[in-house]
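270 is the number that this note's numbering gives the last residue of the sequence shown; the numbers go up by one with no jumps.
What follows is a short report on a single structure.
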Amino acid sequence: MEIYVVKDYKEMSKKAAKIIAEEMKRKKDLVLGLATGSTPEGTYAKLAKMCEKGKIDFSNVVTFNLDEYLGLEDEHEQSYHHFMDKHLFSKVNIKPKNTNVPAGCPKNIEKTCEKYDKKIESLGGIDLQLLGIGNNGHIGFNEPGDVFIPETHVAKLTEATLDANARLFKSKDEVPKESITMGMKSIMNAKKILLLASGSGKANAICMSLSGPITPWVPASILQLHNDLIVVIDEEAAQQILEQKKTMQRARVYKSY
Ligand code: F6R
């Protein structure tokens with residue numbers, strides 16, 4: 014595990030964009046796993062700028078998003094389809110046919126989930142998976158529970174997630190109660206994982222995930238088993254993990270602030 018502790022959100026976004034750009038240069042037809050939410054917005058803005066300047070090329074990149082709210086049409090302002098178009102896809106030279114986001118209103122949910130996993134597999138899996146983390150340790154919408162679910166599946170959002178995401182809707186009642194999310198198998202099969210977190214609200218989730226026991230009650234804790242995990246966190250999100258001496262000895266830690 015490599016942990017980069019940077020000063021703030023801006024530096025996190027810069028570092029994350031640099032890592033993604035390096036992978037894109039290394040492999041032109043990169044299979045890139047993407048996340049939504051406040052965390053990667055700055056990273057996407059940086060990538061869009063790099064693309065505009067001709068420093069990176071999305072023309073052969075294929076993307077797979079982690080999740081989508083169940084019941085939201087692609088055009089809905091809060092759908093993750095809309096988020097991705099707004100923050101990345103409309104700003105770079107990616108081919109729309111190369112972008113994949115789970116359908117929010119699928120005709121057949123089971124088949125849709127199965128197809129999503131098969132498509133990822135057929136491309137040889139994800140090369141680089143970008144992840145944010147929920148306050149409760151969720152990744153994608155893999156919420157805390159009794160088991161790690163391997164496949165793409167329908168997930169019920171926990172109260173903590175409904176509360177956290179209510180900020181983007183008119184009220185908490187409007188937040189969809191379910192989502193379709195990539196499962197742990199596609200995430201853990203990714204050749205490289207890049208986990209981002211910013212702000213003190215994420216400090217506990219980061220500490221529990223990277224330093225606590227590996228348990229489905231803290232979904233991101235499974236990432237401890239991945240052998241190419243890069244973590245980029247800002248000073249505030251790093252507050253608690255930096256105190257975990259054993260984890261810090263195991264990881265390669267780079268501080269730049
Ligand atoms: C969304 C996703 C979620 C978010 C997490 C953090 O695609 O994968 O796991 O990464 O809920 O959200 P923000 O970044 O808004 O704090």
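Cβ atoms here follow ideal geometry from the backbone N, Cα and C, with glycine treated the same way.
Assign T174 to one of three DSSP states: helix, strand, or coil.
Counted from its first residue, the sequence shown places residue 174 at position 161. Helix.
DSSP has I206 in a bridge; who is on the other side?
Reading the sequence shown from its first residue, position 193 is the one you call residue 206. Paired residue(s): Q142, L242.
Strictly by DSSP, which residues pair up with N113?
Numbered from its first residue, the sequence shown carries residue 113 at position 100. DSSP lists F77 as partners of N113.
How close, in whole Å, do the beta carbons of T194 and D80 come, if the pair is a contact with beta carbons under 8 Å?
Your numbering for residue 194 matches position 181 in the sequence shown. Your numbering for residue 80 matches position 67 in the sequence shown. At roughly 4 Å, the Cβ-Cβ gap stays under 8 Å, so T194 and D80 are in contact.
Determine the direct distance from the alpha carbon of G145 to that of V231, and round the result to whole angstroms.
Locating residue 231 in the sequence shown gives position 218, where the first residue counts as 1. Locating residue 145 in the sequence shown gives position 132, where the first residue counts as 1. Taking the straight line joining both Cα atoms gives about 14 Å.
Residues in the same chain with beta-carbon distance under 8 Å from H166, minus the five sequence neighbours each way, listed in chain order, please.
Within the sequence shown, the letter at position 153 stands for residue 166. Closer than 8 Å at the Cβ level, and outside the excluded window around H166, lie C126, I193, T194, G196.
Taking the CB atoms as reference points, tell me whether G150 and S234 lie closer together than 9 Å.
Within the sequence shown, the letter at position 137 stands for residue 150. Within the sequence shown, the letter at position 221 stands for residue 234. Going by C-beta atoms, G150 is nearer than 9 Å to S234.
R263, enclosing alpha helix (DSSP H) - first and last residue:
Taking the sequence shown and counting its residues from 1, one reaches residue 263 at position 250. From DSSP, the alpha helix (DSSP H) with R263 extends over 258-263.
Terminal residues of the continuous alpha helix (DSSP H) containing E35?
Here residue 35 refers to the residue found at position 22 of the sequence shown. Note, E35: alpha helix (DSSP H), 22-39.
Helix, strand or coil: which one does DSSP assign to A58?
Within the sequence shown, residue 58 is the residue found at index 45, counting from 1. Here A58 sits in helix by DSSP.
Whole-angstrom C-beta distance between Y270 and K20, which should lie under 8 Å:
Position 7 of the sequence shown, counting from 1, holds the residue named residue 20. Position 257 of the sequence shown, counting from 1, holds the residue named residue 270. Indeed they touch by this definition, with Cβ atoms about 4 Å apart.
Going by DSSP, which residues form a beta bridge with E15?
As a working mapping, residue 15 is identified with position 2 in the sequence shown. Its beta-bridge partners are I243, R265.
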